[in-house]
Structures are given as structure tokens and as C-alpha cells.
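Notes to accompany the following structure.
Here it is as C-alpha cells:
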């Protein structure tokens with residue numbers, strides 16, 4: 027097994043297929059891997075709500091409380107609804123599989139496109155927010171946020187190319203530390219509130235904060251839509267059921283409930299305390315950072331909160347690195363995207379999906395200047411489309427199958443589908459102008475691409491089918507060696523051509539009679555007895571007379587093929603390619619689309 | 027003879043080699059082709075002098091008169107000196123050939139590098155100045171000057187790809203019209219001066235023009251250096267002697283004297299009149315435009331001058347399209363740049379040189395924003411290096427050969443070499459900070475590149491030599507067909523492989539036993555009796571087990587080679603390549619640098 031030392035160092039030694047079953051996650055590890063996405067959104071969801079409300083002045087910030095309660099309810103509904111999905115789809119695959127099964131291919135592809143986009147955004151948003159946590163604590167890094175973001179994406183990508191079990195190990199500690207730290211911070215914050223230990227609280231900045239807009243229903247809905255980013259990642263568990271240890275389905279459902287409960291507690295806690303402690307969002311310091319600073323009054327615990335926030339967000343990006351390649355695998359298996367996404371690399375991971383995801387997210391970070399707020403309007407549209415489709419599929423499924431207890435399960439999913447569908451419309455409408463239009467435009471484009479690829483593969487399969495096909499008759503092959511001189515490289519090519527056919531001919535295109543004379547002299551000495559055909563070229567083109575000669579042979583019949591042997595230099599350094607093989611390249615280019623012609627390069631290695 | 031309809035339309039039908047001799051220029055046509063570069067510089071040379079002098083206030087503009095006289099003298103000296111060169115080098119080649127012959131390879135390469143750079147700059151500067159002539163008359167076009175410049179370069183390039191005789195025809199009328207128009211304008215201007223018909227002359231703007239710098243010797247030398255751009259192009263005649271009708275040498279000398287005389291008259295005339303008519307350079311209108319406006323008082327004749335100025339400048343760029351490819355041909359023939367510059371295209375022109383020149387000049391236009399003044403400091407350094415080297419070579423030659431009348435010819439060239447050498451130092455020193463440093467840096471880099479390419483070609487020639495070389499023994503060739511499935515494409519590849527060897531084997535790498543079973547079933551029906559070798563792959567890599575198998579065959583002996591036949595899809599559309607042939611690409615990449623292995627793609631054309 028050969029691999030470059032660099033790849034082995036970064037990615038690790040290959041893992042045999044037989045080990046595939048053991049690459050599974052315990053519940054504890056699965057929570058770490060799949061929860062980080064959903065939980066990490068508490069680092070920015072409250073802030074995004076406040077950022078919209080503050081447009082109507084600091085008085086409007088109060089609306090964060092009812093909005094927070096509505097989002098917590100939404101989380102509970104989505105979790106209940108997804109538990110049904112996990113029960114019915116232990117093989118995983120998420121919205122794509124479920125919608126395709128119940129609502130048809132088209133719905134499945136829409137869900138698939140929406141999810142692919144959202145996975146990319148999860149990486150970009152989480153990394154940007156993670157970097158913001160660090161630059162809040164260390165403002166000196168603020169101007170390097172794009173470089174930091176790209177660096178983190180490369181780091182996560184590398185970790186994932188190593189494989190999933192190691193990822194589980196790597197990520198357990200930070201996830202649980204995050205839950206403990208935030209839990210502790212909130213508990214201490216509420217304690218201070220209840221007992222009135224309020225020392226350093228800044229005045230509520232009422233005077234300074236006249237709003238630029240009125241607190242209209244539209245603005246409140248937009249704030250709600252921004253806060254809905256808290257729900258992204260909840261679906262990750264149902265997509266990844268096969269990664270759980272058996273019994274996969276039951277373990278996954280348990281983990282999903284844990285996840286929902288922790289998410290509601292943390293999100294609501296931060297939203298309440300941010301309001302209580304008069305936190306107003308600002309461009310250079312995150313809401314969580316301001317809150318932690320006030321609760322702990324700065325110091326070591328404050329820095330611990332910032333560092334663990336960054337870690338959980340970086341790990342959240344990691345969730346997508348598990349899910350994106352898996353969804354790409356399903357799409358590739360069904361022939362909707364290029365097949366290479368369906369092949370596992372030598373570490374049992376789908377390397378191509380991982381690489382594409384990392385590259386796209388890094389491009390987004392650069393394009394949007396590493397700003398969380400700039401990316402948020404694109405986010406969550408996709409995930410709510412997939413929520414809605416996934417649950418509508420379940421509604422359809424219960425109606426069709428009418429299994430035991432179907433009516434209350436049907437009812438549960440119907441509520442879920444209606445609510446998430448409504449939220450989807452709210453998100454798309456309120457954030458449309460701020461960026462959601464990009465996603466709304468991109469989804470149909472992706473679906474069209476999927477269908478085009480699928481049609482192409484189906485067409486090719488038809489053309490290749492062996493049914494009603496007679497294998498071609500034996501081929502009459504003419505082997506020609508195209509020469510421009512006679513040197514050691516040509517000599518090797520001549521010997522090689524002799525091994526292919528006893529009737530090889532060498533072909534030389536004459537542009538200067540003096541050169542022909544010199545070549546014929548050499549040919550007498552070293553030509554290996556192979557006949558030399560000289561073609562005249564009144565227009566100095568080497569290509570045209572040679573192509574005519576090839577066509578002459580092809581015209582002999584449909585069973586004739588022509589093999590053109592060309593000596594090719596393999597230089598030691600890449601730039602030396604510019605100095606050689608120009609004719610070979612020309613010939614290959616000219617013959618690429620000609621039928622029944624095969625071009626064979628015989629390498630001659632330069633020292 | 028096959029060529030694309032687009033190419034035939036733009037470039038024309040191919041021309042046979044036998045016609046090469048007839049592609050020669052009469053004296054009249056030659057003046058048109060070779061004079062435009064030198065003559066066109068009168069459109070900007072005076073302006074560049076004034077632009078420097080005005081830094082010391084409008085009072086310093088008077089220095090343009092003595093500077094103009096000095097430059098006229100310089101032109102006379104260079105013309106006399108170059109007449110000797112033409113006499114001795116009827117085969118042409120200019121400074122590169124002459125310096126190489128007399129001062130050695132290194133001096134020749136320095137001259138060659140300097141000239142290549144100057145040809146590129148001639149195109150860029152002339153096109154920029156031509157566009158400036160037009161935007162002076164039509165200010166609305168000012169903001170489109172970069173696009174206009176690039177458009178003109180593409181147009182000239184296309185004309186030159188058609189071939190040189192047509193270029194002569196195309197360019198005769200504008201050159202003679204330019205000489206007549208400028209001659210007429212100057213005559214009318216002087217008449218008005220002498221008879222005092224001065225109507226609309228603006229006041230000499232003395233009050234407004236306090237200088238920012240003092241009129242130091244350095245500033246005056248810098249103005250002189252800028253004016254020396256008037257000399258660029260004088261060497262074009264001696265480079266292009268073989269393009270003249272016989273007797274080439276005598277005709278070329280005659281044309282050179284004509285050229286020098288016309289150049290001196292036009293340049294001096296404009297410089298004197300510009301001073302007399304109180305012309306001060308400004309950013310949006312050229313000096314020639316202001317002068318013509320004052321002499322003619324606007325109107326049709328004014329517009330004619332602007333249009334013809336533009337035409338002559340566009341044609342000046344054309345001179346480089348004759349010379350650059352010719353110099354590149356000499357460098358390629360001697361093995362200092364890649365060989366493809368030495369091949370003539372099917373219209374008898376050196377297409378590669380033309381394309382490279384056009385592309386580089388277009389890049390300069392874009393980088394320097396289409397500004398003549400920004401490009402000028404880079405210009406003329408190279409041409410004076412080549413003047414100096416060329417004439418120093420002649421000095422050396424007369425001393426060595428001592429032919430009849432050598433002493434006065436020696437003296438003539440010695441004066442020329444000394445003066446141009448001095449001017450070269452002045453130009454490089456005064457314009458160094460403003461851009462000449464780029465050229466001073468680039469010349470040694472190019473020379474190093476030439477030497478590197480030369481060493482590489484010499485090295486390869488040694489490795490390829492048939493002297494003291496025994497042709498290799500007959501080759502024992504193992505033909506393997508790498509298959510992933512059995513479909514029509516594979517079927518064709520199998521038949522093809524059978525035509526190469528009676529002992530073909532098909533090789534399949536097993537990643538999933540179920541697929542192996544299905545393949546073996548198909549193989550029984552349609553395998554054409556070829557044995558199927560199944561290699562197991564515990565790590566799912568298709569590459570590694572196959573490479574091991576190939577290595578096993580290669581280990582049988584130095585005379586063994588392995589031919590790997592791969593069925594390759596040729597899709598109808600380019601993007602469909604992304605959907606196929608990934609494995610073939612991987613295999614080819616992995617085997618590119620392996621010795622004694624030949625990869626053969628057998629095309630299967632998709633409908």
C-alpha cells in the first residue's frame with residue numbers, strides 16, 4: 027500500500043473495509059458528535075434576535091422574551107416530530123430519503139438541495155461565530171478573523187478525513203464541558219438575580235437608544251426568523267442513525283430528547299439573562315461574551331466561557347462534515363450527483379464530500395468577510411424546508427400505512443409540518459432581501475443539476491447495456507509510429523510498437539527535404555527494419571497530411587482501427603514540459619474526438 | 027486540409043511553403059511596414075519632453091528646443107551607424123545576431139532580451155497613445171480607453187496572423203497619408219508663423235505655472251531621456267532586411283535614410299511649433315491634438331489629424347508583430363526559448379510569437395490603465411541597450427576584419443556606440459525610479475531563462491544521441507485491460523486489446539464480493555474468452571492492488587513492459603467529463619512517472 031508520507035501523517039493509515047461495523051458511536055459519543063451543531067447555536071441565536079429588535083430601539087428588546095418562548099416551543103414540536111422519523115427510518119438518510127420515499131423524487135431532491143446548502147452554511151456560520159467568541163475576548167485578533175476562520179475549516183477537514191470514531195473521541199470532552207460551563211454560568215446568573223447580588227450592572231441604555239424603525243409585526247417576525255437558527259442541527263441525529271451503536275433507532279431517539287432538553291434550557295436561559303442584564307448587541311463583542319463578563323465580572327471563568335464557546339462552534343461545523351458527505355453518498359448512489367461522492371476513501375470516510383464541503387465553506391467565509399451577521403440571512407431557510415418536507419412525508423406515510431397508533435402519530439407530525447412550514451415562509455419572506463433570495467434561487471438550480479446528471483447517467487447506461495448487443499468483430503489494427511527524428515526515445519517507441527504488431531510502419535511528415543535526407547540516413551542504421559513512410563506537407567502542417575493518412579486507413583472498413591504510437595518525453599521537472607511534446611499534444615488534441623483511433627504515448631524518462 | 031470555419035474566416039486559407047519567396051516587400055511597402063513605429067513616436071515624444079519640463083514651470087518649456095535638436099542629431103547618428111549594419115548583415119536578425127556574432131553569446135542574449143521587452147512595450151505604448159489621440163478628439167471615449175486598447179491589440183494580432191504581404195497592403199495608405207497630413211499641418215503652421223497669421227493663440231500661461239521642481243540638469247536629462255522614445259523603431263529596418271525585395275540590403279539602406287529624414291522633419295517641426303504655439307501638456311488632451319486644434323482652429327482637418335495619428339500608432343504596434351516573432355524564431359532556432367516559436371503556422375507567419383506578443387501587451391495595457399505616460403519610463407531602455415550592443419559589435423567587427431574603408435566605418439560606428447551607450451545610461455538613471463527598474467531587473471532574468479532552456483535542450487540532446495547506443499532488445503509486452511464492469515465500452519476495449527496481443531488478461535479489483543459475482547456472470551456470456559483476474563482490495567483502493575499486480579509483471583525483467591488498456595468515455599459535452607473516467611484519470615496519474623508502463627485509452631463515444 028503506497029501513500030505519501032504527508033497524507034499518512036495527516037490522515038492516518040488506511041482502515042480495512044471489514045472494520046466498518048466497529049466505527050459506531052455510543053450514545054455519549056453520539057451526543058457529542060450530533061449535538062454540537064444544535065447546542066452551539068445558543069452562542070449566536072439570542073444575539074441575532076436582539077440585533078433585529080434593536081433596530082426599533084432598546085425598548086423593543088423586551089420582545090426577545092416572547093420570541094424565545096415561541097422558539098422553545100418550536101424546538102419541542104420538531105423534536106417530537108423527528109422521533110417518529112427515527113423510529114420509521116433506522117437506516118437514516120434524513121429528509122432526502124424520507125421525502126423521496128413518501129412524496130416522490132422531486133420532493134426528495136428539493137430536501138436534498140436544501141440540506142446540502144444548509145450544511146455548508148452551518149460550517150461557515152459556526153466557524154464565523156466561533157472566531158467571534160475568540161475575538162470578543164482578544165480584540166487584537168479581530169482583524170485576522172477571515173484567516174482564523176479558514177484555518178479552523180482546514181483543521182476540521184483534516185480531522186474528518188481521519189475518520190468518524192476518532193472524531194467522536196476528539197469531540198466528547200468539549201461538548202460536555204460546554205454543557206457544564208453554560209449550565210454553571212446560567213445557574214450562577216439566576217442565583218445572583220434571585221438573591222439580588224447585582225453589583226456591576228450597567229444602566230439600561232434607554233436614553234441613547236432611539237430606534238431607527240418601528241417595532242412592527244414584520245420586524246418582530248424577522249427577529250423570530252433570525253432566532254430560528256437555534257433549531258439548525260436538530261435534524262442531524264435523524265440523518266445519522268446508522269452511525270449509532272445498535273439498537274440504533276432507540277439510541278438515536280434517546281439522544282434526540284436529551285439534545286432538545288439541553289437546547290431549550292441553554293437557549294432560554296441566555297435569552298432571559300441577556301434581557302435581565304441589559305445586554306445590547308455590538309459589532310465587536312458578542313452577547314454571550316457581554317453576559318459572561320457581567321455574570322463573572324471578567325476573570326478566568328469569563329475566558330473559559332469564551333474558549334469553550336469557540337470550541338463547541340468549531341465542533342458544530344464538524345457535524346456537517348459527518349452529514350454532508352453522507353447525504354452526498356445517498357445522492358451519488360441514486361445517480362443525482364457524480365459517482366465519486368459515493369466512494370469511500372481509505373479511512374472509511376467519503377473524502378470527496380468532505381473536501382467539497384470544506385472548500386465551499388472557506389469560500390463563503392472569505393466572501394462574507396468572516397461576519398456571522400452577514401451569513402445568518404442565508405441560514406435556516408434550507409433547514410426549515412427540509413423539516414417541512416420531512417414531516418409532511420411522515421404525515422403521508424401514516425395515512426398510507428395506518429400502522430398501530432397511527433392517528434396520534436399522524437396528528438403529531440401534522441402539527442410539526444404545519445408549524446415548520448409556516449416558519450419556513452416567515453423566514454424566507456422576512457430575510458429575503460437580506461440574502462435568503464440566494465438560497466431560494468440556488469435550490470431550484472441544484473435540483474435542475476441533480477435531474478440533469480441523473481438523466482445523463484440513465485442515458486449512458488442505456489447506451490452501454492449489453493442486452494441486445496453483439497460484441498464487435500475482431501479488430502484489424504494498423505500500428506503507426508509518428509516520428510520527427512530518430513533518437514533514443516524514438517528507438518524505444520519503435521521497439522514497443524513492434525511488440526503490438528508485426529506490421530508496424532513509421533510515419534514522417536516532410537517540411538524540409540534536407541531533414542528527410544538526414545533522417546533516412548539514420549533510419550538505415552538504426553531503423554530496426556521498420557519501413558519509414560514519408561508524407562509531403564506543402565503547407566508545413568504536420569497534422570494535416572498525417573490525419574489524411576490515418577483517414578485513409580480508417581476508410582478500409584468499420585472493423586479497422588488505427589493505433590498511433592508517439593514517443594513522449596517525461597522530464598524531471600514540471601516546467602520542462604513546456605519545452606517538449608508540443609507535437610504530441612497537438613496530435614492528441616486533434617484525434618481526441620475521432621472514432622476508432624487510439625493514441626499511445628510511450629514514455630521516455632529524461633534524467 | 028481541415029480547419030475550423032472561424033479560423034479560416036479570421037486567418038485565411040493556408041499558404042504553401044513554395045510561396046515563401048514571394049512574400050517580400052517593395053521599398054514603398056517596406057517603408058509603410060517598418061516606418062510606422064519610428065514615425066508614430068512623433069505623436070508622443072514631444073509631449074513626453076514637455077511633461078517633464080513643465081515640472082519646473084512653464085518657463086522651462088523652452089528647453090524643448092535644444093533637447094529636440096540633440097535628439098535629431100542622435101537620430102542622424104543612429105541611422106548612419108545602422109546603415110553599416112545592414113550592409114554587413116543582409117540576412118537580418120538585428121542586434122541579437124550581430125552582437126552574438128561579434129561580442130559572443132552573452133551579449134547577443136542581452137540584446138535579444140532587451141529587444142523582446144521593447145517590442146512588447148512598443149505595442150503597449152503605441153496602442154495607448156493611439157487611443158489617447160482618439161479620446162482627445164472624442165472625450166466621451168476617455169473612460170473606455172483600456173477596453174479600446176485591448177480591442178485594437180486583438181485586431182492587429184488577427185491581421186498579422188493572416189500574413190505579412192497582406193499587412194504591407196493594409197498599412198501603406200495610412201502611413202503615406204500620415205506623412206502627408208503631418209507634413210501639411212507643419213507647413214501650414216510654419217506659414218502662419220512666418221506671415222504672422224496668428225489669430226486664436228492663447229496667452230502663454232506664465233502666471234499659473236510656477237514649477238514644482240527646479241530646472242536642474244537632472245530634470246533636463248530626464249526630459250531628454252523621455253524624448254528618446256522618438257528613436258524606438260529605427261532598428262526595425264535592420265532587423266527585417268530579409269523581408270525586402272532583392273537587392274535586400276541596398277533597398278533596406280535606402281528605406282532607412284528616408285525614414286530618418288522624415289522622422290527628423292516631423293519630430294523637429296512638432297517640437298518647434300508646440301513651443302511657438304504655447305502648448306502645455308494636460309491629462310485629457312494630447313500635445314498633437316492641441317497643436318492641430320490651434321493650427322487649423324478645429325474643423326474637419328483637425329479630426330483628420332487625430333484619426334490618422336491613431337492609425338499610424340496602431341500600425342506602429344504592427345511593426346512589433348513583424349519583429350518580435352522574427353527575433354523569437356532566431357532565439358528558438360538557437361535553442362534559447364521553446365522550439366514552438368521556431369515553427370511557422372499555415373499562413374507562413376510565426377503564430378506563437380504573434381500570440382504571445384499580443385497577450386503580453388494587452389496585459390500591460392490593463393495593468394497600467396491604458397496610460398501612455400505610465401508606460402513611457404519602461405520604454406526605450408531596451409532599445410538603447412540593443413543600439414549600443416549592435417554598434418559596439420560593428421566596432422569589433424571592423425577591427426577584426428579590416429575590410430576596405432574599415433577605418434572610417436569603424437569611426438562612424440564607434441561614435442554611434444559611444445553616444446547611444448551614454449544615452450542608455452542617462453535613460454536608465456533618470457527614469458530608474460519611475461519604472462525603468464522593472465526593465466533593468468527583467469533583462470537579466472530573461473537571459474537566465476534563455477541560458478536555462480539552452481542547457482536543458484543540450485542536456486536532452488546528449489541523452490537522446492544514437493551514437494554509442496545499442497537499440498533496446500525486443501520487448502515482452504503484457505497487455506492488461508482494467509475493468510470495473512462489463513458494458514459496450516469495455517467490450518470494444520477488450521476487442522482492441524485482443525488485436526495487440528493474443529495473451530490479454532482483464533483485471534478487476536474487488537471491493538464488494540456481490541459485484542464480483544455479478545461481473546463473473548456477465549463475463550461468462552460476453553467476456554470474449556479473455557481470462558478475468560480478480561484482485562482483492564481490503565482497503566477499497568482500486569489503485570493499490572492493481573499497481574502491485576503491474577509491478578509484479580515489471581519485475582520479470584528489464585525487457586518487460588506492461589500495457590494497460592482502459593475503456594474511456596468520450597462524452598458529447600465537456601461538463602459530462604466530470605461525470606466519467608475518474609478511475610481512468612487516477613490510474614493515469616499514478617502511472618505517469620512509472621517506467622516501462624504504457625496506458626492506452628480506448629475511446630467509446632457517447633451519443
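Residue numbers (my numbering), protein chains in the order written: chain E, 27 to 633; chain L, 27 to 633.
We put the CB at the ideal spot given by N, CA and C, even for glycine.
Would you please state the rounded distance, in angstroms, between the beta carbons of residue i and residue j? I believe it to be under 8 Å.
i, j, result
"residue 93 (chain L)", "residue 298 (chain L)", "Incorrect: roughly 12 Å between the Cβ atoms, too far for contact."
"residue 270 (chain E)", "residue 278 (chain E)", "5 Å"
"residue 472 (chain E)", "residue 142 (chain E)", "7 Å"
"residue 163 (chain E)", "residue 332 (chain E)", "4 Å"
"residue 63 (chain L)", "residue 443 (chain L)", "Not a contact, Cβ separation roughly 22 Å."
"residue 338 (chain E)", "residue 136 (chain E)", "That belief does not hold up - the Cβ atoms of residue 338 (chain E) and residue 136 (chain E) are roughly 31 Å apart, past 8 Å."
"residue 99 (chain L)", "residue 449 (chain L)", "11 Å between Cβ atoms; not a contact."
"residue 201 (chain E)", "residue 58 (chain E)", "4 Å"
"residue 123 (chain E)", "residue 356 (chain E)", "6 Å"
"residue 457 (chain L)", "residue 248 (chain L)", "7 Å"
Which one of the options has the shortest CA to CA distance from residue i?
i, options, result
"residue 118 (chain L)", "L:247, L:275, L:172 and L:63", "L:275"
"residue 522 (chain L)", "L:507, L:534, L:512 and L:448", "L:507"
"residue 400 (chain E)", "E:103, E:152, E:138 and E:97", "E:152"
"residue 84 (chain L)", "L:133, L:241, L:578 and L:278", "L:241"
"residue 286 (chain E)", "E:604, E:109 and E:516", "E:109"
"residue 128 (chain E)", "E:425, E:464, E:624 and E:419", "E:419"
"residue 499 (chain E)", "E:585, E:248 and E:560", "E:585"
"residue 362 (chain L)", "L:528, L:605 and L:483", "L:483"
"residue 556 (chain E)", "E:543, E:579, E:520 and E:534", "E:520"
"residue 308 (chain L)", "L:505, L:282 and L:77", "L:77"
"residue 512 (chain L)", "L:552, L:480 and L:502", "L:552"
"residue 384 (chain E)", "E:336, E:179 and E:91", "E:179"
"residue 621 (chain E)", "E:587, E:120, E:198 and E:281", "E:587"
"residue 614 (chain E)", "L:606, L:617 and L:626", "L:626"
"residue 598 (chain E)", "L:612, L:485, L:543 and L:606", "L:485"
"residue 157 (chain E)", "E:325, E:396 and E:633", "E:396"
"residue 139 (chain E)", "E:409, E:130 and E:462", "E:409"
Could you tell me whether any non-hydrogen atom of the ligand MN is closer than 7 Å to the CB of residue i?
i, result
"residue 616 (chain L)", "The ligand MN is not part of the structure shown, which contains no ligands of any sort."
Apart from the five residues just before and just after residue i, which ones in its own chain have a Cβ nearer than 7 Å to its Cβ?
i, result
"residue 74 (chain L)", "252, 253, 255 and 402"
"residue 328 (chain L)", "318, 319 and 322"
Starting from the C-beta of residue i, find all residues in its chain whose C-beta is less than 8 Å away, skip the five residues before and the five after it, and write them out in chain order.
i, result
"residue 518 (chain E)", "593, 628 and 630"
"residue 47 (chain L)", "The pLDDT assigned to residue 47 (chain L) is 49, lower than 50, so where the model puts this residue is not dependable; a value taken from the coordinates is nonetheless given after this. Nothing meets the Cβ criterion."
"residue 88 (chain L)", "301"
"residue 176 (chain L)", "388, 391 and 392"
Counting only the same chain and skipping the five closest in sequence on each side, list residues whose C-beta sits under 6 Å from that of residue i.
i, result
"residue 351 (chain L)", "376, 379 and 380"
"residue 525 (chain L)", "none"
"residue 537 (chain L)", "563 and 566"
"residue 358 (chain L)", "365, 367 and 368"
"residue 516 (chain E)", "509 and 593"
ask   = Along the chain, which unbroken stretches of the alpha helix (DSSP H) at least 4 residues long are found entirely within the region 62-127 of chain L?
value = Fully enclosed alpha helix (DSSP H) runs of 4 or longer: 71-79 and 90-114.
Given 8 Å as the limit, is there contact between the region 480-497 of chain L and the region 561-571 of chain L, that is, 3 or more CB pairs closer than that? No, they do not touch.
Practice item. Run through the region 476-557 of chain E for me and flag every whole alpha helix (DSSP H) of 4 or more residues, listed as ranges in chain order. Key: If we require 4 residues or more, the alpha helix (DSSP H) runs fully inside the region 476-557 of chain E come out as 514-526 and 539-552.
- Task: Could you name each continuous alpha helix (DSSP H) segment of 4 residues or more that falls completely within the region 350-429 of chain L, going from the start of the chain to the end?
- Result: Secondary structure in the region 350-429 of chain L: the alpha helix (DSSP H) runs of 4 residues or longer, each lying completely within the stretch, are 377-393, 398-401 and 407-427 in chain order.
Count the CB pairs spanning the region 426-434 of chain E and the region 200-210 of chain E that are closer than 8 Å, and state whether there are at least three.
Too few Cβ pairs lie closer than 8 Å, so no.
Counting Cβ pairs closer than 8 Å, one from the region 340-358 of chain E and one from the region 301-316 of chain E, do we hit at least three? By the Cβ criterion, the region 340-358 of chain E is not in contact with the region 301-316 of chain E, since fewer than three pairs of Cβ atoms, one from each stretch, lie closer than 8 Å.
*asked:* At 3 residues or longer, what runs of the beta strand (DSSP E) sit wholly inside the region 584-628 of chain L?
replied: For secondary structure counted as the beta strand (DSSP E) over 3 or more consecutive residues, the region 584-628 of chain L holds these complete runs in sequence order: 586-596.
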